[in-house]
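Presented below is the structure to which this report refers.
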Amino acid sequence: MNANVEFLNYVYQNSQMGIDTLEQLLEITEDEKLQTYLEKQLEGYRKFHNEARDILNRSGYDEKGLGTFEKIRTYFMVNLQTMADDSTSHIAKMLIQGSSMGITEAVKKLHQYENDVEKDIKKLMERLQEFEEENVEKLKEFL
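For the sequence shown, position 113 (counting from the first letter as 1) is numbered 157 according to the numbering used here, and the numbering increases by one without interruption.
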């Protein structure tokens, strides 16, 4: 698989994870301010998701979503973690941890394939990294 496709699939999967998690957490949290922010964040992930899918499809590739096991594991982990503590602070902490993992992986891929990826696709990954960093900063307000 070439680096462009790998980058695009990473953006696609990362945003899918964000969409799935946020939709689940929106049903759990009762904090209206957090809900409003999560809906805004969800919109951002959907834009990345659609953009990565569209570029892949235009290039003749099918997007590779998260596997069933990964979806189920994430669903249960969110439920398990919020069962004991569904406070606004705890949900913010969970999301900060998830975004931090996304940032780390994005930076790693950017360094690994620095010269092997088309400029536009690299920009998409950099935008995703910035989006995740902004999410972390905003979520700190909810701790």
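Yeah, the Cβ is synthetic: ideal placement off N, Cα and C, and Gly gets one too. Small disclaimer: the values here were computed from a predicted structure and weren't measured.
If you run the structure through DSSP and keep just helix, strand and coil, what is N46? coil
When you compare the segment 120-127 with the segment 102-110, are there three or more beta-carbon pairs, one atom per stretch, that lie closer than 8 Å? no
Assuming L86 and I63 form a contact by the criterion Cβ under 8 Å, report the distance between their Cβ atoms to the nearest whole angstrom. 6 Å
Measure the C-alpha to C-alpha separation of S133 and K184 and round it to an integer number of angstroms. 9 Å
Report all residues from its chain with a CB closer than 8 Å to the CB of V49; omit the five preceding and five following residues, and keep chain order. L100, S103 and Y105
Buried versus exposed, by CB contacts within 10 Å (16 or more), Q57: buried
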